[in-house]
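This note's numbering numbers the first residue of the sequence shown as 446 and each following residue consecutively.
Glycine included, each C-beta is placed from N, C-alpha and C at the ideal position.
For reference, the structure is listed below as structure tokens.
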Amino acid sequence: MSANVIHPGLVKSALMKEAVAPVRWLTSLISTAPEIAAKAVVYYASSPEVENKTGLFFKGRQVIESSAYTKDEAVQRRLWDVSVALTGLE
446 MSANVIHPGL VKSALMKEAV APVRWLTSLI STAPEIAAKA VVYYASSPEV ENKTGLFFKG
506 RQVIESSAYT KDEAVQRRLW DVSVALTGLE
């Protein structure tokens, strides 16, 4: 099993409909249609290119370095502990 992350960028969605008008207008200019953003997600979900690779972070179709925060073991442990508490699993 592999686990990778993809950031599709700012995507046009109903999430912004509650934002104030100037924010809605600005995001409509710079955001991507859901169909376009989904192409990279679908590509990496089914691509032999990443079949046996794990721990990668993609932005669009590029592998990028994730922030140092994501590699902090104390943060990882805290996330695990909170996840266990919220799900009731161990």
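Return the bridge partner residues of GLN521 from the DSSP annotation. DSSP lists no partner for GLN521.
VAL486 by DSSP, collapsed to three states: which one? In this structure, VAL486 counts as helix in the three-state DSSP scheme.
What residue range is occupied by the uninterrupted alpha helix (DSSP H) comprising VAL508? If you look at VAL508, you'll find it isn't in any alpha helix (DSSP H); it sits in the beta strand (DSSP E) that goes 507-509.
If I measure Cβ to Cβ from ALA478 and keep anything under 7 Å in the same chain, skipping five residues before and after, which residues do I get? Excluding five sequence positions before and after ALA478, the CB atoms of its chain that fall closer than 7 Å to its own CB belong to LYS457, given in chain order.
Would you give the residue range spanned by the alpha helix (DSSP H) that VAL450 belongs to? Taken as a continuous stretch (DSSP letters only), VAL450 belongs to no alpha helix (DSSP H), being part of the beta strand (DSSP E) at 450-452.
Can you find the residues in the same chain that come closer than 6 Å, C-beta to C-beta, to VAL450, ignoring five residues on each side of it along the sequence? Cβ neighbours of VAL450 beyond the five flanking positions: PHE502.
Expressed to the nearest angstrom, what Euclidean distance is found between the alpha-carbon atoms of PRO493 and VAL468? Whole-angstrom Cα-Cα distance: 39 Å.
Could you tell me whether the Cβ atoms of THR532 and SER447 are closer together than 8 Å? No, the Cβ-Cβ distance between THR532 and SER447 is not below 8 Å.
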